[in-house]
Amino acid sequence: PTPTPTPTPTPTPTPTPTPTHTPTPTPTPTPINPDEYFRDKTVRVVTGASGGSYDAFPRFVAATAEDYFPQSTTFEVENVTGAAQYHGLRAILDSEPDALTVGVVHPRWLRRQAVVGDIRNFDFDETTILGSPTFTPDSDAYCIDRSVAASWQEVLDLGRPLRIATYEPGTDPVIEFLADSGGPFRVIYDYGTIDIVEAFDRGELDLIGRCSPEIIRAIFPEWLDQRRIIPLFYVTKPFDTGYLARLGHSGPLPSILELPGLNLDEAQRARLEALQANLHLADATRVFILPAGVPGVLREYWQERFGLIMRDRRFIDTIHDEGYVDWYGYGTSDVILALILRVQALEQDVKAFLYNATGLRDLDRFVQ
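Numbering of the sequence shown is given in this note's numbering, commencing with residue 4 and proceeding in unit increments.
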């Protein structure tokens, strides 16, 4: 038989090697050196005002900042006016996040954003709050004519509301709210500051919220000498004990939240506390900010330099020399942000109340 041929093995082809792709290395970002970064740069200091304190304080900051930034850094104040300082705010928020634009904000816009939250690019988690050179919470007290009553209990025993005056609805929101909630107050409108003091002196009003030492010394110093008035309560911060003693009050002055006999339910009390929080935030005047998106190292650099500017002796002396003697008070970013977040955390129905009761609705026409 013919032998079966042995098949020739088919050689296995050698695989073609796949070319190895060497990835292009990602360059390591060069760390920003702030001193190098700001060298030969111009920083815009934006304000929404032209004239007045909201124009003056940015100029004080700009002049002092030159001592704390590289020598070749220049600072220019830019006035972007209109729309209750909203145009100035927009110029800050819409600027490049390069740390070369800083600006001052009126507290009405901090309150608007905390309550309504409709201002573009004004996220408090992203925007840098640098602080304020004029965070000086106003002391206050509401004083009564001694011929009417000399204590809160005597007020409750009167059997009639206390007459008090203000400019227009929304300008004394705490008392207006308590009057609407059944408290012993009757609010009369269309009075200016001097009108209020003179009407009180004539006996046409029972209660007055303008009994600060500055007002009384300037207009009716005899009120102190004659012990004409006595304080009943405060809303945000009481006068110092020395002045309260001159007014005839001893011991701690009660907060309006501590007054007995107002008979507020839980919802009403929440609104009263919200009004108080809103007034505390209103004390955060001339707050300086950076827009969102500024790199962290530049934010930190600005924050540190801003603190040095605020504590600078020449800066403080300039404020005094320009006539703003009692205005200086360094409000740090942490303190101001805490006030903002307190209002921002309120319940939605309480925010709606603040929107209608504190003038925030009037800002609708400006916000775009």
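Ideal Cβ positions, reconstructed from N, Cα and C, are used throughout, including at glycine.
Check: Tyr57 versus Ala152, Tyr327 and Arg368, residue with shortest Cα-Cα distance; Outcome: Tyr327
Check: Three-way DSSP call (helix, strand, coil) for Glu69 in this model; Outcome: coil
Check: Where the alpha helix (DSSP H) through Phe203 begins and ends; Outcome: Thr196 to Asp204
Check: Own chain, CB closer than 7 Å to Leu342, minus 5 neighbours either side, in chain order; Outcome: His283, Leu284 and Ala287
Check: Nonlocal neighbours in the same chain, by C-beta distance under 8 Å from Glu79, ignoring five residues either side; Outcome: Thr45, Val46, Arg47, Val48 and Ala65
Check: 8 Å Cβ cutoff met for Ala144 and Leu256; Outcome: yes
Check: Cβ neighbours of Val271 in the same chain (closer than 7 Å, five flanking residues each side left out); Outcome: Position check: residue 271 holds Gln in this sequence, whereas Val was assumed. Closer than 7 Å at the Cβ level, and outside the excluded window around Gln271, lie Ser184.
Check: For Asn124, three-class secondary structure by DSSP; Outcome: coil
Check: Counted within 10 angstroms of its Cβ, other Cβ atoms place Asn281 as buried (16 or more) or exposed; Outcome: buried
Check: The alpha helix (DSSP H) enclosing Asn359, as first and last residue numbers; Outcome: Gln351 to Ala360
Check: The region 132-148 touching the region 328-340, judged by at least three CB pairs closer than 8 Å; Outcome: yes
Check: Reduced DSSP category for Val64 - H, G, I as helix; E, B as strand; rest coil; Outcome: helix
Check: Asp315 versus Gln229: straight-line alpha-carbon distance, rounded; Outcome: 43 Å
Check: Which of helix, strand or coil DSSP assigns to Tyr192; Outcome: coil
Check: DSSP state of Tyr57 mapped onto helix, strand, coil; Outcome: helix
Check: Cβ-Cβ distance between Arg95 and Thr84 below 8 Å; Outcome: According to the sequence as given, residue 95 is Ile; it is not Arg. Cβ distance not < 8 Å, so Ile95 and Thr84 don't count as in contact.
Check: Residues that Gly251 bridges to, as DSSP identifies them; Outcome: Bridge partners of Gly251: none, in fact.
Check: Thr321 (DSSP reduced to helix, strand or coil); Outcome: helix
Check: Close Cβ partners of Trp226 (< 6 Å) along its chain, the five nearest in sequence each way excluded; Outcome: Ile219 and Ile232
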